[in-house]
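Asker: Residue numbers (my numbering): 1 to 279. Virtual Cβ for every residue (Gly too), placed ideally from N, Cα, C. Quick one: structure below, then a few questions.
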Amino acid sequence: MNKLDMVTDLKKNASAVTGLVLITLIVLVALFGPWIAPADPLVPSPLIRLQGPSAQHLFGTDSLGRDMLSRVIYGARISLMIGIISVTISLIPGTILGLLSGYFGKRIDSIIMRCMDMLLAFPAILLAIFITAILEPSLTNTMIAVGIVYIPHYARIVRSSVLSLKGMLFVQAISHLGGSHLRILLKHILPNCLPPIIVYATLGMGTAVLQAAALGFLGLGAQPPSPEWGAMLSEGRQYIQLAPHVAAFPGAAILILVLGFNLFGDGLRDILDPSLRSQ
């Protein structure tokens with residue numbers, strides 16, 4: 001499928017277009033945050049604490065009187081950074097391990113896959129909590145923890161693709177003609193593994209944001225006064241009856257971003273998967 005056909009199919013896919021619009025909206029908010037935020041997200045104003053939405057504060061104020069709209073806007077930067085960095089931490093080693101495991105097989109495959117199985121034996125959120133607790137709670141360690149948790153998923157996806165590709169005639173022909181293992185892996189197998197990797201990485205962005213928000217909610221992610229959506233939700237739960245807006249707006253922001261990545265990922269899967277495209 002060439003790029004023009006892919007763009008055409010993308011425009012016809014309502015799920016992908018909706019997801020892309022939502023992601024673009026959050027990205028624009030993150031990029032232009034300093035110019036569109038009405039106040040400093042870290043400066044408290046105790047005299048106006050827990051005020052509801054108004055003309056002066058569209059999203060109201062939190063327990064310290066900080067403008068909620070500004071904090072949600074700046075939180076978009078943190079959440080997008082979490083998604084990108086966490087997925088990168090998962091994607092690179094996961095892809096390398098999957099390539100080695102699927103291509104060389106035998107003992108290498110057995111060792112790598114058993115290690116991946118050990119990681120998969122733990123529930124994702126519990127493993128992330130365990131790693132974060134060892135490394136000490138912080139935004140950086142949250143991204144590392146979420147990235148490590150999802151390495152086995154990428155390794156398994158890439159391994160599955162490699163196993164189906166290495167038996168194909170074009171790969172065997174290149175091998176018989178003297179092509180090196182590195183050349184076969186990087187020039188011929190890896191490019192054909194990209195569609196499932198791209199789809200899973202897109203979906204993984206939403207999952208990473210959600211996992212990081214969960215860690216932030218538990219107090220293991222970004223630490224106060226950082227305007228991270230999960231931490232804001234954790235603060236807002238204390239005032240859910242008195243000032244529900246403190247939890248509602250960061251929760252809605254998480255919903256929009258995760259929904260955007262999920263819809264866009266589903267749309268990409270429909271476009272890049274030949275079996276689904278032909279239906």
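1. Could you tell me whether the Cβ atoms of P250 and G265 are closer together than 8 Å?
2. Kindly indicate the opening and closing residues of the alpha helix (DSSP H) around G260.
3. For D67, which three-state DSSP category applies?
4. Which first and last residues belong to the alpha helix (DSSP H) in which V209 is found?
5. Do you know whose CA, among Y103, A145, A173, lies nearest S160's CA?
6. Quick one, are the C-beta atoms of P227 and G65 less than 8 Å apart?
7. Is it right to say T132 is buried, meaning 16 or more other beta carbons lie within 10 angstroms of its own, or is it exposed?
8. Would you mind listing the beta strand (DSSP E) stretches within the region 14–87 that are 3+ residues and don't spill past its ends, in chain order?
9. Let's test the definition: count the other Cβ atoms within 10 Å of the Cβ of A213 and tell me whether it reaches 16, buried, or not, exposed.
10. Inspect the beta-carbon positions of T142 and L220 and report whether they are closer than 8 Å.
11. Assign V209 to buried or exposed, taking buried as 16 or more other Cβ atoms, counted over all protein chains shown, within 10 Å of its Cβ.
12. What's the gap between the Cα of L268 and the Cα of S90?
13. Sort D62, L50, L25 by Cα distance to L42 and report the nearest one.
14. Once you ignore the five residues that flank L190 on each side, which residues in its own chain have a CB closer than 8 Å to its CB?
15. Looking only at its chain, what residues have a beta carbon closer than 7 Å to the beta carbon of H245, apart from the 5 residues adjacent to it on each side?
16. By how many angstroms is the C-alpha of I148 removed from the C-alpha of A121?
17. As an exercise, report each continuous alpha helix (DSSP H) stretch of at least 4 residues that is fully enclosed by the region 130–155, in chain order.
18. Determine the direct distance from the alpha carbon of L259 to that of A253, and round the result to whole angstroms.
19. Comparing alpha-carbon positions, which option in I111, A145, I112, E136 lies nearest A124?
20. Among residues of its own chain, excluding the 5 on either side of P137, which ones have a beta-carbon nearer than 6 Å to its beta-carbon?
21. I believe I151 touches P224 by the beta-carbon criterion, under 8 Å. Please report the beta-carbon distance rounded to the nearest angstrom.
22. What does the alpha-carbon distance come out to for the pair Q279 and L215?
Answerer: Judging by the given coordinates:
1. One-based indexing of the sequence shown puts residue 250 at position 250. One-based indexing of the sequence shown puts residue 265 at position 265. In this structure, G265 does not lie closer than 8 Å to P250 by Cβ.
2. Residue numbering aside, residue 260 sits at position 260 when the sequence shown is read from its first letter. DSSP places G260 inside the alpha helix (DSSP H), whose first and last residues are 245–272.
3. Here the question's residue 67 lines up with position 67 in the sequence shown. Here D67 sits in strand by DSSP.
4. Taking the first residue of the sequence shown as 1, we reach residue 209 at position 209. Per DSSP, V209 is one residue of the alpha helix (DSSP H) stretching across 190–217.
5. Position 160 of the sequence shown, counted from the first residue, corresponds to residue 160. The shortest Cα separation from S160 among Y103, A145, A173 belongs to Y103.
6. On the sequence shown, position 227 is the one that residue 227 refers to. On the sequence shown, position 65 is the one that residue 65 refers to. No, these two residues do not count as a Cβ contact at 8 Å.
7. The residue labelled residue 132 in the question sits at position 132 within the sequence shown. That one is buried.
8. Within the region 14–87, no run of beta strand (DSSP E) reaches 3 residues while sitting entirely inside it.
9. Mapped onto the sequence shown, residue 213 falls at position 213. By the neighbour-count rule (16 or more Cβ atoms within 10 Å), A213 is buried.
10. Residue mapping note: residue 142 aligns to position 142 of the sequence shown, counting from 1. Residue mapping note: residue 220 aligns to position 220 of the sequence shown, counting from 1. Against a cut-off of 8 Å, the Cβ pair of L220 and T142 comes out as a contact.
11. Position 209 of the sequence shown holds residue 209. Burial call: buried.
12. Mapped onto the sequence shown, residue 268 falls at position 268. Mapped onto the sequence shown, residue 90 falls at position 90. So the alpha carbons of these two residues sit roughly 20 Å apart.
13. Here residue 42 is taken as the residue at index 42 of the sequence shown, counted from 1. Closest in alpha carbon position to L42, among D62, L50, L25, is D62.
14. Translated into the one-based positions of the sequence shown, residue 190 becomes position 190. Result list for L190: T95, L99, in chain order.
15. Reading the sequence shown from its first residue, position 245 is the one you call residue 245. The beta carbon of H245 sits closer than 7 Å to the beta carbons of G52, P53, F59, G60, M68 from its chain, once the five residues preceding and following it are set aside; these are given in chain order.
16. As a position in the sequence shown, residue 121 is number 121, starting the count at 1. As a position in the sequence shown, residue 148 is number 148, starting the count at 1. Computed Cα separation, rounded: 14 Å.
17. Within the region 130–155, the complete alpha helix (DSSP H) runs of at least 4 residues are 139–149.
18. By 1-based counting over the sequence shown, the position of residue 253 is 253. By 1-based counting over the sequence shown, the position of residue 259 is 259. Inter-residue distance for A253 and L259 is about 10 Å (C-alpha atoms, whole angstroms).
19. The residue given as residue 124 occupies position 124 in the sequence shown. Per the Cα distances, A145.
20. Your numbering for residue 137 matches position 137 in the sequence shown. Cβ within range, chain order: L220.
21. By one-based count along the sequence shown, residue 151 stands at place 151. By one-based count along the sequence shown, residue 224 stands at place 224. Incorrect: roughly 30 Å between the Cβ atoms, too far for contact.
22. Here residue 279 is taken as the residue at index 279 of the sequence shown, counted from 1. Here residue 215 is taken as the residue at index 215 of the sequence shown, counted from 1. Low confidence applies here, because Q279 scores a pLDDT of 49, under 50, leaving its location unreliable; read the following figure in that light. When rounded, the distance between both Cα atoms is 40 Å.
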